[in-house]
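In the numbering used here, the protein residues as written are 226 to 360.
No residue lacks a Cβ here, since even glycine has one placed at the ideal position from N, Cα and C.
Since the model is a prediction, treat every value here as computed from it, not as a measurement.
Here's the structure we're looking at; comments come further down.
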């Protein structure tokens, strides 16, 4: 699937925000695909990290908000260790999640979780899930 882009649609503010939040320079990525090859979650992703990086490079904020890859990322940093350009892709995915959460759109609603399930979950899993999935 080709990505069509013109100079009029490049959102430079969005690109700078991602760079700022992640502490990474997303322009360095040349889409080699090593990140997706190293990712243990890649078979669950509809859009692999290298395509996300490309959309980010073009500042396609409207497309990124609809993609599930940032939420499927396990933040294991396998992509970071493997990246030949030294980009911390996991931190970039965290920045993507943060931008969505800043719009006060939760991925889960804690108050709707069943009481029994909450009692059985390890506390560290709850805290980690809330940190990642709620604003």
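- For residue 258, the closest of 273, 244 and 269 by C-alpha to C-alpha distance is 273.
- As the crow flies, the alpha-carbon of residue 329 is around 11 angstroms from that of residue 322.
- Unbroken alpha helix (DSSP H) runs of no fewer than 4 residues, entirely contained in the region 294–333, are found at 294–297, 303–307 and 314–326, following chain order.
- Contact between the region 304–313 and the region 332–342 is absent, with fewer than three C-beta pairs closer than 8 angstroms.
- Apart from sequence neighbours up to five positions away, the residues of its chain that approach residue 293 with a beta-carbon distance below 8 angstroms are 270, 271 and 272, ordered along the chain.
- The alpha-carbon separation between residue 317 and residue 303 amounts to approximately 13 angstroms.
- With contacts defined by Cβ atoms closer than 8 angstroms, residue 347 and residue 299 do not form a contacting pair.
- With a cutoff of 8 angstroms on beta-carbon distance, residue 278 and residue 301 are scored as not near each other.
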